[in-house]
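In this note's numbering, the protein residues as written are 1 to 319.
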Amino acid sequence: MRVLVTGGAGFIGSHCCEALTESGHEVVAFDCFTPFYDPALKHRNISEAIARSGGHLSLIKGDVLTPNDLARAFAAGPFDCVIHLAASVGVRPSTEQPAAYMRNNVEGTASLLAAMTAHACNRLVFASSSSVYGDTATAPFAEHEAADLPVSPYAASKRAAELLCHSWHALHGTDVFALRFFTVYGPRQRPEMAFHKFATAMARDEPITMYGDGSSSRDYTYVGDIASAVVTAAERARGFELINVGGDREISLSAVIELLGQALGTTPLIDRRARSAGDVRQTSADISRAQALLDYAPQKSLTAGLAEFAAWFAEHGVH
Ligand SMILES: NC(=O)c1ccc[n+]([C@@H]2O[C@H](COP(=O)([O-])OP(=O)(O)OC[C@H]3O[C@@H](n4cnc5c(N)ncnc54)[C@H](O)[C@@H]3O)[C@@H](O)[C@H]2O)c1
């Protein structure tokens with residue numbers, strides 16, 4: 001297949017580009033290198049992926065919100081599938097800039113869907129998020145939950161984009177698998193995400209800022225497992241489906257900080273702060289739909305995944 005990956009230079013995007021080329025697909029990454037975190041890190045991500053691709057991955061710099069940029073991207077087609085990862089990310093910053101998040105994540109998705117149809121591309125894998133379940137869903141979260149009570153603009157923007165994708169499926173028959181990723185970690189993790197931020201603090205002998213009492217829990221998913229699910233979804237997407245992609249285990253924040261400390265060979269110092277608005281208390285994935293539709297089964301234990309992250313951090317982390 002020939003595949004367009006928006007957000008291809010990001011954390012998850014660069015791993016997806018690598019997994020796609022390893023599976024024999026031709027890939028074009030599309031990214032505008034937003035300054036949300038240091039664009040040099042994204043250049044490093046995509047350069048590594050291009051170097052490993054044997055000539056099967058290229059990069060187009062462009063913004064999904066700019067029609068001419070999308071036209072340039074589709075001129076590199078035709079594409080059998082688009083994987084849409086480009087987004088404004090992060091729960092907490094979305095509470096400060098709700099309009100910007102809605103514009104990039106909803107309007108950006110609408111522009112991309114229109115460009116796909118204009119260029120006869122009928123298959124989309126959309127990166128959604130476990131945050132759509134809010135604080136009221138029953139654990140483990142299953143896709144039949146209404147997910148209509150988000151608690152952050154980021155979550156609202158992802159749920160809105162899912163609904164938009166459904167409307168496009170109904171109108172144009174576009175095949176869409178919307179994958180709800182549960183907190184993703186591993187090499188190249190975004191620097192403002194918890195494990196990377198905690199590792200940086202530990203490397204500097206600074207305390208880790210822990211919001212809440214440490215009892216909040218997450219279902220962490222290794223980035224390699226996410227990338228495998230994305231590749232299979234790109235190969236199989238048919239109809240419209242919402243699909244959880246989680247790690248199939250849940251762990252408290254305090255326990256995971258302990259494990260991360262062990263992986264990094266250091267003892268974490270904790271600075272406790274009040275729970276942050278917009279953060280959900282728990283995420284926990286029911287992955288039976290992913291098992292049925294994608295033959296998905298997470299391969300990496302948390303201990304093994306944290307060891308991979310620690311090895312990467314030793315080489316690339318900010319010290
Ligand atoms: N990391 C997680 O734990 C997680 C969890 C759930 C969902 N997701 C979703 O997965 C996707 C990838 O997340 P990530 O963690 O790799 O983030 P990331 O910030 O590393 O990657 C996103 C990439 O998109 C690019 N981008 C943003 N807006 C763009 C635009 N308008 N046009 C072109 N490129 C644009 C950015 O430059 C960046 O390289 C996002 O859609 C995110 O919402 C991530």
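We put the beta carbon where it would ideally sit given N, CA and C, even for glycine. Predicted model, so just to flag it, every value in this text is computed and none were measured.
Item	Value
For the alpha helix (DSSP H) containing H84, list its first residue and its last residue.	Taken as a continuous stretch (DSSP letters only), H84 belongs to no alpha helix (DSSP H), being part of the beta strand (DSSP E) at C81 to H84.
Three-state secondary structure (DSSP) at K61?	strand
Going by beta-carbon coordinates alone, are F182 and G246 separated by less than 8 Å?	yes
Please identify the residue among A87, G134 and L164 whose C-alpha is closest to the C-alpha of A114.	L164
In the structure shown, what three-state DSSP assignment does Q282 receive?	strand
Per DSSP, which residues does F177 bridge with? Please list them.	V125 and E241
State yes or no: is the beta carbon of M116 nearer than 8 Å to at least one beta carbon in chain D?	Judged by its chain identifiers, the structure shown contains no chain D, having just a single protein chain.
Helix, strand or coil for F30 per DSSP?	strand
Would you tell me roughly how many angstroms separate the C-alpha atoms of E22 and G224, rounded to the nearest one?	12 Å
Nearer than 7 Å: is that true of the beta carbon of N104 relative to any heavy atom of ligand 1?	yes
Do you know how far the Cα of H144 is from the Cα of T283?	15 Å
Can you give the Cα-Cα distance for V338 and M102, rounded to whole angstroms?	The structure shown does not extend to residue 338, since the chain is modelled only from 1 through 319, so no value can be given for it.
Is any non-hydrogen atom of ligand 1 found closer than 7 Å to the C-beta of D38, if you look at the structure I gave you?	no
Compare the beta carbon distance of R180 and S129 with 8 Å and say whether it is the shorter of the two.	yes
Rounded to the nearest angstrom, what separates P67 and M116 at their Cα positions?	12 Å
Under the assumption that I208 contacts P298 (Cβ atoms under 8 Å), give the Cβ distance between them as a whole number of angstroms.	The pair is not a contact, with the Cβ atoms about 26 Å apart (cut-off 8 Å).
Given the structure, does V184 come close to ligand 1, in the sense that its CB is under 7 Å from one of the ligand's heavy atoms?	yes
On the DSSP bridge assignment, give the partners of Y185 in chain order.	Y222
Less than 8 Å separating the beta-carbons of T95 and P153?	yes
Who are the Cβ neighbours of V106 in its own chain at under 6 Å, not counting the five residues just before and after it?	S157, A160 and A161
At a threshold of 7 Å, does R190 count as lining ligand 1 (C-beta to nearest heavy atom)?	yes
With hydrogens ignored, establish whether the beta-carbon of F30 is closer than 7 Å to any heavy atom of ligand 3.	Among the ligands in the structure shown, ligand 3 does not appear; only ligand 1 can be found there.
What does the alpha-carbon distance come out to for the pair R272 and H15?	33 Å
In whole angstroms, give me the CA-to-CA distance for A76 and A86.	18 Å
Between the region 131-138 and the region 229-238, do at least 3 Cβ pairs fall closer than 8 Å?	no
Would L171 be called buried (16 or more neighbouring beta carbons within 10 Å of its own) or exposed?	exposed
Buried or exposed: which applies to G10, given that a residue is buried once 16 or more other Cβ atoms fall within 10 Å of its Cβ?	buried
Distance, Cα to Cα, S47 vs G8?	11 Å
Check whether the region 56-74 touches the region 198-217, counting contact only when three or more Cβ pairs, one atom from each stretch, lie closer than 8 Å.	no
Rank L264, S301, A277 and G265 by C-alpha distance to the C-alpha of I251 and give the top, closest one.	S301
Should A127 be counted as a contact of ligand 1 given a C-beta to heavy atom distance under 7 Å?	yes
What separation, rounded to the nearest whole angstrom, lies between the Cα atoms of S228 and A19?	7 Å
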